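Residue numbers (our numbering): 375 to 615. All residues carry an ideal CB built from backbone N, CA and C; glycine is no exception. All figures in this text were calculated on a predicted structure; none of them were measured in a lab. In what follows, a structure is listed as structure tokens, so that the remarks can point back to it.
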């Protein structure tokens, strides 16, 4: 049995901002603190290969023209066991692409790589080593984005599946807060979730969704099934898969 579970019980925080899904965050100053950029798309492709989970999340966000320029950071909730393997940042307006491979700290030291710089809510660089939260991935974005820019960010992770009561499970962090939903949009227009299960067994795949979402079956074969989660127009921001 495989389970598609609700988002992680603990949602990490960046200042006063709750990070309930991958988001691009701006440091807007003392009065506004951290604020997530609105998105026009979030696509999640999850694969369960026997006992391992692989997740690729693509978000398309835009920098509102009315915001002042500020440092941007990619934030994403994760389990302690999850490994971020790659981040691709594309500025669709300036035709810039940045590829970030996640390098272990000891290897980075050997190679002489300099760490990226995090920013506090005022936009000032954080001096010293910032507090570490194993359930929060934080990456300052390269380049200098400006209001009016549009970004496409792809985040790739992998982790062992949880195992409980004879079932493997994978939690997908797709709880989109209202501040990320542009006016006139609903979650059915923004969120796409595709879930592929490969058990390595020639028997039919058993699965269930603990989030309450209706699952539509696509490709189905012995030991393998592809599902999509339905998010209707009446769904409220904050619903998770």
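Quiz item: Apart from the five residues on each side of it in sequence, which residues of its chain come closer than 6 angstroms, Cβ to Cβ, to residue 412?
Solution: 554, 556
Quiz item: Does the beta carbon of residue 525 come closer than 9 angstroms to any beta carbon on chain B?
Solution: Any reference to chain B falls outside this structure, which holds one protein chain only.
Quiz item: On the three-state DSSP scale, how would you describe residue 410?
Solution: strand
Quiz prompt | Candidates 566, 560, 559: closest to residue 547 by CA position | solution = 566
Quiz item: Relative to the ligand ADP, is the shortest distance from any of its heavy atoms to the C-beta of residue 447 smaller than 8 angstroms?
Solution: For the structure depicted, the ligand ADP is absent and the ligand set is empty, with no information on it obtainable.
Quiz item: Could you give the distance in angstroms between the alpha-carbon of residue 419 and the alpha-carbon of residue 389?
Solution: 29 angstroms
Practice problem: Compare the beta carbon distance of residue 414 and residue 564 with 9 angstroms and say whether it is the shorter of the two. | Solution: yes
Quiz prompt | First through last residue of the alpha helix (DSSP H) which encompasses residue 564 | solution = 561-564
Quiz item: What are the boundary residues of the beta strand (DSSP E) that includes residue 594?
Solution: 589-595
Exercise. Using a threshold of 9 angstroms, state whether the C-beta atoms of residue 531 and residue 463 are closer than that.
Key: no
Exercise. Give a yes or no on contact between the stretch 433-440 and the stretch 516-523, applying the rule of three or more CB pairs nearer than 8 angstroms.
Key: yes
Practice problem: Hey, could you find the ends of the beta strand (DSSP E) residue 580 is sitting in? | Solution: Note, residue 580: premise wrong, no beta strand (DSSP E); not H, not E.
Practice problem: Mind reading off the beta-carbon distance from residue 398 to residue 410? Whole number of angstroms is fine, and I expect it under 8 angstroms. | Solution: 7 angstroms
Quiz item: In or out: residue 590 buried (at least 16 other Cβ within 10 Å) or exposed?
Solution: exposed
Exercise. Please report the residue range of the beta strand (DSSP E) in which residue 449 lies.
Key: 446-451
Practice problem: Going by DSSP, name the residue or residues bridged to residue 569. | Solution: 420, 601
Quiz item: Grouping DSSP H, G and I as helix and E and B as strand, with all else coil, what is residue 386?
Solution: coil
Quiz item: In three-state DSSP terms, what is residue 552?
Solution: helix
Quiz item: Does DSSP put residue 466 in a helix, a strand or coil?
Solution: coil
Practice problem: Please state if the CB of residue 401 and the CB of residue 445 are separated by a distance shorter than 9 angstroms. | Solution: yes
Quiz item: Is residue 440 helix, strand or coil when you go by DSSP?
Solution: coil
Practice problem: Mark residue 460 as exposed unless 16 or more other C-beta atoms lie within 10 angstroms of its C-beta, in which case mark it buried. | Solution: exposed
Quiz item: Is it the case that the Cβ atoms of residue 582 and residue 604 are separated by a distance below 9 angstroms?
Solution: no
Quiz item: Nearest-angstrom Cα distance between residue 466 and residue 526?
Solution: 7 angstroms
Exercise. Sort out for me which residues DSSP pairs residue 435 with in a bridge.
Key: 413, 525
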